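There are 2 protein chains.
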Amino acid sequence: MRKYRLMAPGPTPVPEKVLLKMADTIIHHRTPQFQAVLKDVNIKLKKLFQTKNPVFVFASSGTGAMEASVVNLVSRGDKVIVVKGGKFGERFAEISSAYGVEVVDCDVEWGKSVDPEVVSELLKENPDVKAVYSTLCETSTGVVNDIKAIAKVVSATDAVLVVDAISGLSADELKTDEWGVDVVVCGSQKGLMLPPGLAFLSLSRKAQKLVESSSLPKYYFDLKAALKAHAKDDTPYTPAVSLIMGLNTVLDMLLEEGLDNVLKRHAKLANATREAVKAMGLELFSEKPSNAVTAVKVPEGVDGGALAKKMRDEQGVTIAGGQAALKGKIFRLAHLGYMDEYDTIGALAGIEIVLSQLGFDVRLGKGVGKAQELFK
Amino acid sequence: MRKYRLMAPGPTPVPEKVLLKMADTIIHHRTPQFQAVLKDVNIKLKKLFQTKNPVFVFASSGTGAMEASVVNLVSRGDKVIVVKGGKFGERFAEISSAYGVEVVDCDVEWGKSVDPEVVSELLKENPDVKAVYSTLCETSTGVVNDIKAIAKVVSATDAVLVVDAISGLSADELKTDEWGVDVVVCGSQKGLMLPPGLAFLSLSRKAQKLVESSSLPKYYFDLKAALKAHAKDDTPYTPAVSLIMGLNTVLDMLLEEGLDNVLKRHAKLANATREAVKAMGLELFSEKPSNAVTAVKVPEGVDGGALAKKMRDEQGVTIAGGQAALKGKIFRLAHLGYMDEYDTIGALAGIEIVLSQLGFDVRLGKGVGKAQELFK
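Same order as they appear, the protein sequences are chains A and B. Read in order, the letters of the first sequence are residues 0 to 375 in numbering that gives the first Met the number 0. Read in order, the letters of the second sequence are residues 0 to 375 in numbering that gives the first Met the number 0.
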């Protein structure tokens, strides 16, 4: 027997009681019973997203909500700034380009976080920019961006700030309204402890004005239709009923734990992981590491592909390798959602075993011991 | 105790073993384990859709796949014919208009099915039409369209035929390749016996050529990306893992039963329902009734809203009322998916009880008896 351990940055493990909730009888979505659930969900989502504005739920993966944040805010030929420091930052640029939106690249070396001063300069050089797009946690590099500082810069202009918090929400601090973040995009299969299939988008008043003037074509992801339905605790199209029933349960779990405690839990697991891998003699990849996922450089002489594969196929622990240019060069361990100290210790123990199998000189228990110290 | 009975045309009841399959441990989607599932699913979907062409799976509701069938096939200013005989036919026109596609209306009175000759005439008058859109079963009216005859007309031209079989697939006959249907769109929460959250789209070679030339903007629903991923049994964006695990199980169930038997089952339930309501003294709304859902006129003097509400809140049987202009004028009973004779008999018994409560003169057991005769 070897249990299946999911330690990649999404999908993340789903609590058993949430799995069972989603296995309950499917109810019809156009009924007072389901509307009561949606009403509940809408209130709780605002708390989780730290906003007084509506948070929409789409039946789609996170990319769908990213697309919604482009097609509803700008028009063909409009200019946007995109912070590109990894695969997901680049996705915003791809979506914008697909719709004929002009992208001002804010290039960031993978592994580094964006300097808010650079965003400020770009905004000064391009005063006609309508929106700035950035990730909170860039999942592909494990970097967290300083959204507070970026929001300070952007909110002083006419532009809106859109943050991809798909992997970051509930792991890295994000005070949406307090900081002045206009749009937050999220997905279900990360810190929200659900299977993939739901995407979220919060919308500030400032962003709602752009929605009114945006002329890009859209239908399924049309926020005007979403706003109209949301006001009646409804959805424009058939919602993913079972996932929303699960969502209601995870929101209860997260709010009961308390958002501060949820953030502290992620911080604790992430910190212990960082210290543990350093104790093993490894090096962090991210200059400014996120608490959602830790990216670690594969040490010289070790086959990064073999590391991830042996972890999954022999140890039963699914971690993530590097994506695109980082393939084989880093591995990533998540701290997202339904994970605790002993999940982390298990994964670290597996990493030590596989590293030593691959010829890396590490004393078994070195990193694990460090994590134990920090957890005790 | 009053059980929850879902007899509306979607969402439909989900088999218990499918609910439990979806409650299993979530696995990572970029692994050989999940790719093996996708490979299986892709083969079985072709059988269910009666096509040799790829069938894509989206994390979205059916409307997402409808949008995909517009934005990938035509370009701004192109002309399409839309068969509008109900809410869902009209949705194709709404999506097309949202993207600047010129719609040639093929208006059909709600409750009637389209005359293929009219489609033929419209194609002659508009030889530059790129695509024809029609529903198989128009869920809002319970009408089935003669797709075989329409396909004969359309396949003789350069235009492609797109069929919304969201509620019709597996209930009404649809021989995709044999009839020459280019694109079939479907959703998970109808005949496929799954919760809502997945959408499907099959694509003929003729339609693939249009995909190459279409210049409408798209990203999440981009079929070029879907085609590329599909060839490797992968998906462009994170798939709805748990729903796809359930999909694999329902496809096994449907293929084991045999597509012919699945169709016969729906036909049997639909026929018994039609005869039973006629025996109660009611009148069918649809000129050419679908085997997915039966639409029945609310008899004079009966409050249609109260009928559906009492069925749901007092009898525990969720049926559907009429939509848009048909509100209060019809009620709809589904035969879709995980339903058998005794579900149908239960619903008919409830209808008789509530109709008599609402002052309609019906002998209890009259319609039920008729159904029993046809089932015995």
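By construction, the Cβ of each residue, glycine as well, lies at the ideal position given by its N, Cα and C atoms. Note that the structure is a prediction, hence the values are computed from the model and not measured.
Non-local beta-carbon contacts of Ala-228(A) in its own chain, meaning distances under 8 Å to residues more than five positions away in sequence, involve Thr-234, Pro-235 in chain order. The beta carbons of Val-107(A) and Ala-92(A) sit no closer together than 9 Å. For Ser-166(A), none of the residues of chain B pass the 9 Å Cβ criterion, the least Cβ distance being about 11 Å. Residues of chain B with a Cβ closer than 7 Å to the Cβ of Gln-188(A) are, in chain order, Thr-237.
At a cut-off of 9 Å between C-beta atoms, Phe-48(A) does not count as an interface residue with respect to chain B. The segment 181–257 of chain B contains, as complete beta strand (DSSP E) runs of 3+ residues, the segments 182–186, 197–202 (chain order).
Taking a Cβ-Cβ threshold of 9 Å, the residues of chain B close to Val-240(A) are Pro-10, Gln-188, Pro-194, Pro-195, Gly-196, in chain order.
Excluding five sequence positions before and after Asn-125(B), the CB atoms of its chain that fall closer than 8 Å to its own CB belong to Lys-78, Ile-80, Val-103, given in chain order.
Of the residues assessed, Ala-294(B) falls on the buried side of the cut-off, its CB having 16 or more other CB atoms within 10 angstroms. Residue pairing by DSSP puts Gly-320(B) in a beta bridge opposite Phe-330(B). It is roughly 24 Å from the alpha-carbon of Lys-205(A) to the alpha-carbon of Phe-87(A). Secondary structure remark: continuous beta strand (DSSP E) runs of at least 3 residues inside the segment 102–165 of chain A, in chain order: 128–134, 159–163.
If you draw a straight line from the Cα of Ala-333(A) to the Cα of Gly-304(B), it is about 51 Å long. Judged by DSSP secondary structure, Ile-352(B) falls outside any beta strand (DSSP E) and instead within the alpha helix (DSSP H) spanning 340–356.
Looking from the CA of Glu-256(A), the closest CA among Thr-11(A), Lys-16(A), Ser-169(A), Asp-145(A) belongs to Ser-169(A). Sixteen is the threshold: when 16 or more other Cβ atoms of the shown chains lie within 10 Å of the Cβ of Asp-181(A), as they do, the residue is buried. DSSP places Lys-38(A) in the uninterrupted alpha helix (DSSP H) bounded by 31–47. Residue contact check for Tyr-341(B) against chain A: no CB pair falls below 9 Å. The secondary-structure analysis by DSSP pairs Ile-80(A) across a beta bridge with Val-103(A), Val-131(A). At least 9 Å separates the CB of Asp-232(A) from every CB of chain B. Here Pro-31(A) is exposed, its C-beta having fewer than 16 other C-beta atoms within 10 Å. Per DSSP, Ala-58(B) is one residue of the beta strand (DSSP E) stretching across 54–58. Excluding residues up to 5 positions away in sequence, Leu-72, Val-73, Val-79, Ala-158, Val-159, Val-161 lie with their Cβ nearer than 7 Å to the Cβ of Ala-130(A) in the same chain.
Annotation for Asp-339(B): no residue places its beta carbon closer than 6 Å to its own, counting only its chain and skipping 5 residues before and after. Contact residues of the segment 236–270 of chain A toward chain B are Tyr-236, Thr-237, Pro-238, Ala-239, Val-240, Ser-241, Leu-242 (C-beta to C-beta distance below 7 Å).
Straight through space, the alpha carbons of Val-143(B) and Gln-188(B) are spaced by roughly 19 Å.
Note that the C-beta distance between Val-316(B) and Gly-336(B) is not below 9 Å. Taking C-beta atoms as the reference points, Ser-241(B) and Met-21(B) count as a pair closer than 9 Å. Identification of chain B residues near Ile-350(A) by a Cβ-Cβ cut-off of 9 Å yields none; the smallest Cβ-Cβ distance measures about 17 Å. With a 10 Å radius around the Cβ and a threshold of 16 neighbouring Cβ atoms, Lys-46(B) comes out exposed.
Annotation: the continuous alpha helix (DSSP H) that includes Ala-370(B) extends over 365–374.
Excluding its 5 nearest sequence neighbours in each direction, Arg-311(A) has C-beta neighbours in its own chain below 6 Å: Thr-317, listed in chain order. Contact annotation for Leu-18(A) against chain B: Met-21, Ala-22, Asp-23, Thr-24, Ile-25, Ser-241 [CB-CB distance below 9 Å, chain order]. Under the Cβ criterion of 9 Å, Gly-63(B) is counted among the residues facing chain A. At least 9 Å separates the CB of Tyr-132(A) from every CB of chain B. Between the C-alpha atoms of Arg-4(A) and Lys-147(B) there is a straight-line separation of about 50 Å.
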